[in-house]
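Asker: Using UniProt numbering, the letters of the sequence shown correspond one by one to residues 1 to 345. Take a look at the following structure, please.
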Amino acid sequence: MRVNAYAAPAAGQPLAPTTIERREVGPNDVLIAIEYAGICHSDIHTVNGDWGPQPFPVVPGHEIVGTVTEVGADVTTHRVGDRVGVGCMVNSCGQCPPCRGGDEQFCVNGTVFTYASEDRDGTHTQGGYSTHVVVDADFVLSVPENLDAAAAAPLLCAGITTYNPLRRWGAGPGKKVAVVGLGGLGHMAVKIAHAMGTEVTVLSQSLKKQEDGLRLGADHYYATSDPDTFSELAGRFDLIINTVSADIDVNAYLGLLTLDGAMVSVGAAPGPLAVNGFLLGARRILTGSMIGGIALTQEMLDFCGEHNIGADVEIISADQVNEAYERVLASDVRYRFVIDASTLA
Ligand SMILES: [Zn+2]
Ligand SMILES: [Zn+2]
1 MRVNAYAAPA AGQPLAPTTI ERREVGPNDV LIAIEYAGIC HSDIHTVNGD
51 WGPQPFPVVP GHEIVGTVTE VGADVTTHRV GDRVGVGCMV NSCGQCPPCR
101 GGDEQFCVNG TVFTYASEDR DGTHTQGGYS THVVVDADFV LSVPENLDAA
151 AAAPLLCAGI TTYNPLRRWG AGPGKKVAVV GLGGLGHMAV KIAHAMGTEV
201 TVLSQSLKKQ EDGLRLGADH YYATSDPDTF SELAGRFDLI INTVSADIDV
251 NAYLGLLTLD GAMVSVGAAP GPLAVNGFLL GARRILTGSM IGGIALTQEM
301 LDFCGEHNIG ADVEIISADQ VNEAYERVLA SDVRYRFVID ASTLA
């Protein structure tokens, strides 16, 4: 079927309306009428060509919420009318050790990502800035009905990206977690860590968003531009979630960890890191994390449903997407843009 979409025609070019072909619904496929698609920083990196050549035209969007309008003959997990979501991936081999272990995002035979990725049939995937998408049922998530559909969309990437390291590194009562950066990812980390019962501290460049941070669930808020912050908080945290993709002084942050504390970067730092071996020698862990597998994504959505957690969103029409990109790059959004897909119809 031919559907309306917004696509980047070439690297660095503004997105423009177009139509794209969605495949016929196969036996294990689900056809989704998209309601909302979040704008993730990765969308901007991809269409700007920051991450290498792309199969243009590219329709970005991997924070998708919509309603099932058709299912294939073999689909048992989703029904017409269900509210569902699609995140960063739409296929993987299902056989390799990471896939069998629930880490489909690390499929050794190549995860198929939601857009700009080569699918198993040789076509290129197109994302959620569109009216409809056809996705293998195994990669379609159930979105709790009590959540606002627009606020739920960013959970599919920003939510799972932060939920994964919080779960893996044991955030919960009695633990102290620091969140570096209060943007799209950071604000989700604060909400989720708070709901897990953890003591949450935001480490932000300035105190500009302090009021917001405390409203979102942070217990403490510090400015990293103030050198006293690092002496005052030395050895304080069990876990630091670094959501800042720019270069930061990683050693200064490592010094804030307890014995066996972990610092997890969920953004991609541009340059190589110079890490102080003495800091690591004192049994601190420096690691990374990338989105999360399908089962964990469903767990995250159920958790957010239970705790009524969605993103703070600004809803836009599709023709505002280029302007929204500018504002994301200027950190001028609290905290996620979501495209109303009905404006594409
Ligand atoms: Zn994303
Ligand atoms: Zn695999």
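Glycine included, each C-beta is placed from N, C-alpha and C at the ideal position.
(1) Ignore the nearest five residues each way along the sequence and tell me which others in R327's own chain have a CB closer than 6 Å to its CB.
(2) Output yes or no for whether 8 Å exceeds the beta carbon distance between I32 and V135.
(3) For P17, report the span of its beta strand (DSSP E) as first-last.
(4) Is it buried or exposed for T114, if we count other Cβ within 10 angstroms and need 16 for buried?
(5) Among L216, L203, D103, whose alpha-carbon lies nearest the alpha-carbon of L256?
(6) Assuming Y36 and V65 are in contact, meaning their beta carbons sit under 8 Å apart, how far apart are those beta carbons, in whole angstroms?
(7) Per DSSP, what kind of secondary structure is residue 348 in: helix, strand or coil?
(8) Among the candidates G181, V177, K191, F278, whose CA atom is the shortest distance from the CA of D238?
(9) According to DSSP, is D43 part of a helix, a strand, or is it coil?
(10) Any heavy atom of ligand 2 closer than 7 Å to the Cβ of V108?
(11) Provide the residue(s) that pair with T67 in DSSP beta bridges, ordered along the chain.
(12) Closer than 7 Å to a non-hydrogen atom of ligand 2 - does that hold for the CB of S92?
(13) Taking only runs that begin and end inside the segment 217–263, name each unbroken beta strand (DSSP E) of 3 or more residues, in chain order.
(14) Specify, as a first and last residue, the run of the beta strand (DSSP E) that R100 falls within.
(15) Using the beta-carbon count (16 or more within 10 Å), is G89 buried or exposed?
(16) Note down, one range per segment and in chain order, each alpha helix (DSSP H) of at least 4 residues found wholly within the segment 272–341.
(17) Quick one: Cα of P9 to Cα of G101, how far?
(18) Taking 6 Å as the limit between beta carbons, can you name the residues of its chain near L233, skipping five residues before and five after?
(19) I'd like the list of long-range same chain contacts for L214, defined as Cβ closer than 8 Å, with 5 residues on each side in sequence excluded.
(20) Give the straight-line distance between the Cα atoms of Q126 and I241, rounded to the nearest whole angstrom.
(21) Assign K175 to buried or exposed, taking buried as 16 or more other Cβ atoms, counted over all protein chains shown, within 10 Å of its Cβ.
(22) Who does R2 pair with in a DSSP beta bridge?
(23) Name the residue from D219, L185, V75, A189 whose alpha carbon lies nearest to the alpha carbon of T201.
(24) Taking 8 Å as the threshold, find out whether the segment 178–194 comes into contact with the segment 204–213 through three or more Cβ pairs.
(25) Does D103 pass the burial test, meaning 16 or more other C-beta atoms within 10 Å, or should it be called exposed?
(26) State yes or no: is the C-beta of V86 within less than 8 Å of the C-beta of F139?
(27) On the CB-based measure, 16 or more other CB atoms within 10 Å of its CB, does M1 come out buried or exposed?
(28) Assign R283 to buried or exposed, taking buried as 16 or more other Cβ atoms, counted over all protein chains shown, within 10 Å of its Cβ.
(29) Which residues in the same chain have their Cβ closer than 7 Å to the Cβ of Q210, if we skip the five residues on either side of it in sequence?
(30) Roughly how many whole angstroms lie between the Cα atoms of P165 and V264?
(31) When you compare each of D319, D148, N276, S245 to H45 by their alpha carbons, which one comes out closest?
(32) Between C88 and ligand 2, is the CB less than 7 Å from at least one heavy atom?
(33) Considering T162, what are the terminal residues of the alpha helix (DSSP H) in which it resides?
(34) Closest to D228 by C-alpha separation, out of P53, Y253, D212, would be which residue?
Answerer: Taking the geometry as given:
(1) Residue numbering aside, residue 327 sits at position 327 when the sequence shown is read from its first letter. The answer, listed in chain order, is V333.
(2) Reading the sequence shown from its first residue, position 32 is the one you call residue 32. Reading the sequence shown from its first residue, position 135 is the one you call residue 135. Their beta carbons are under 8 Å apart, which means I32 touches V135 by this criterion.
(3) Indexing the sequence shown from 1 puts residue 17 at position 17. DSSP places P17 inside the beta strand (DSSP E), whose first and last residues are 16–21.
(4) Start at 1 with the first residue of the sequence shown, and residue 114 comes out as number 114. In summary, T114 is buried, with 16 or more beta-carbon neighbours lying within 10 Å of its beta-carbon over all protein chains present.
(5) Position 256 of the sequence shown holds residue 256. The shortest C-alpha separation from L256 is found at L203.
(6) Taking the first residue of the sequence shown as position 1, residue 36 is located at position 36. Taking the first residue of the sequence shown as position 1, residue 65 is located at position 65. That pair is a contact at about 5 Å.
(7) Residue coverage of the chain in this structure runs from 1 to 345, which leaves residue 348 outside it and unanswerable.
(8) As a working note, residue 238 is residue 238 in the sequence shown. Residue V177 is the option with its Cα nearest to D238.
(9) As a working mapping, residue 43 is identified with position 43 in the sequence shown. Of the three classes helix, strand and coil, the one that applies to D43 here is helix, per DSSP.
(10) The residue given as residue 108 occupies position 108 in the sequence shown. Yes - ligand 2 has a heavy atom lying nearer than 7 Å to the Cβ of V108.
(11) One-based indexing of the sequence shown puts residue 67 at position 67. The partner list for T67 (beta bridge, DSSP) reads A33, R83.
(12) Counting from 1 along the sequence shown, the entry for residue 92 is found at position 92. S92 Cβ: within cutoff of ligand 2.
(13) Whole beta strand (DSSP E) segments, 3+ residues: 220–223, 237–242.
(14) Translated into the one-based positions of the sequence shown, residue 100 becomes position 100. Boundaries around R100 are those of the alpha helix (DSSP H), 97–100, since no beta strand (DSSP E) includes it.
(15) Translated into the one-based positions of the sequence shown, residue 89 becomes position 89. Contrary to the premise, residue 89 reads as Met rather than Gly in this sequence. Classification of M89: buried, given that the 10 Å Cβ count is 16 or more.
(16) With a minimum length of 4 residues, the continuous alpha helix (DSSP H) runs that stay inside the segment 272–341 are 277–281, 294–306, 321–329.
(17) On the sequence shown, position 9 is the one that residue 9 refers to. On the sequence shown, position 101 is the one that residue 101 refers to. Here the alpha carbon of P9 sits roughly 37 Å from the alpha carbon of G101.
(18) The count along the sequence shown starts at 1 and reaches residue 233 at position 233. Excluding its 5 nearest sequence neighbours in each direction, L233 has C-beta neighbours in its own chain below 6 Å: L256, listed in chain order.
(19) Numbered from its first residue, the sequence shown carries residue 214 at position 214. Excluding positions up to five away in sequence, the list reads Y221.
(20) Within the sequence shown, numbered from 1, the residue matching residue 126 stands at position 126. Within the sequence shown, numbered from 1, the residue matching residue 241 stands at position 241. Taking the CA atoms as reference points, Q126 sits about 30 Å from I241.
(21) To locate residue 175, count along the sequence shown from 1; it is residue 175. With 16 or more Cβ atoms within 10 Å of its Cβ, K175 is classed as buried.
(22) Here residue 2 refers to the residue found at position 2 of the sequence shown. Paired residues: E21.
(23) Residue 201 sits at position 201 when you count from the first residue of the sequence shown. Checked all of D219, L185, V75, A189; the closest Cα to T201 is D219.
(24) With three or more CB-CB distances shorter than 8 Å, the segment 178–194 counts as touching the segment 204–213.
(25) As a working note, residue 103 is residue 103 in the sequence shown. D103 should be labelled buried.
(26) Translated into positions along the sequence shown, residue 86 becomes position 86. Translated into positions along the sequence shown, residue 139 becomes position 139. Less than 8 Å separates the beta-carbon of V86 from that of F139.
(27) Numbered from its first residue, the sequence shown carries residue 1 at position 1. Burial check for M1: the Cβ neighbour count within 10 Å stays below 16, so the residue is exposed.
(28) Position 283 of the sequence shown, counted from the start, is the residue given in the question as residue 283. By the neighbour-count rule (16 or more Cβ atoms within 10 Å), R283 is not buried but exposed.
(29) Position 210 of the sequence shown holds residue 210. Cβ neighbours of Q210 beyond the five flanking positions: Y221.
(30) Within the sequence shown, residue 165 is the residue found at index 165, counting from 1. Within the sequence shown, residue 264 is the residue found at index 264, counting from 1. Distance between the alpha carbons of P165 and V264 is about 7 Å.
(31) Here residue 45 corresponds to residue number 45 of the sequence shown, with the count starting at 1. Looking at D319, D148, N276, S245, the one whose alpha-carbon comes closest to that of H45 is S245.
(32) Locating residue 88 in the sequence shown gives position 88, where the first residue counts as 1. Placement of the Cβ of C88 at a distance of 7 Å or more from every heavy atom of ligand 2 is found.
(33) As a working note, residue 162 is residue 162 in the sequence shown. Element bounds for T162: 158–168.
(34) Working through the sequence shown from its first residue, we reach residue 228 at position 228. Considering only alpha carbons, the answer is Y253.
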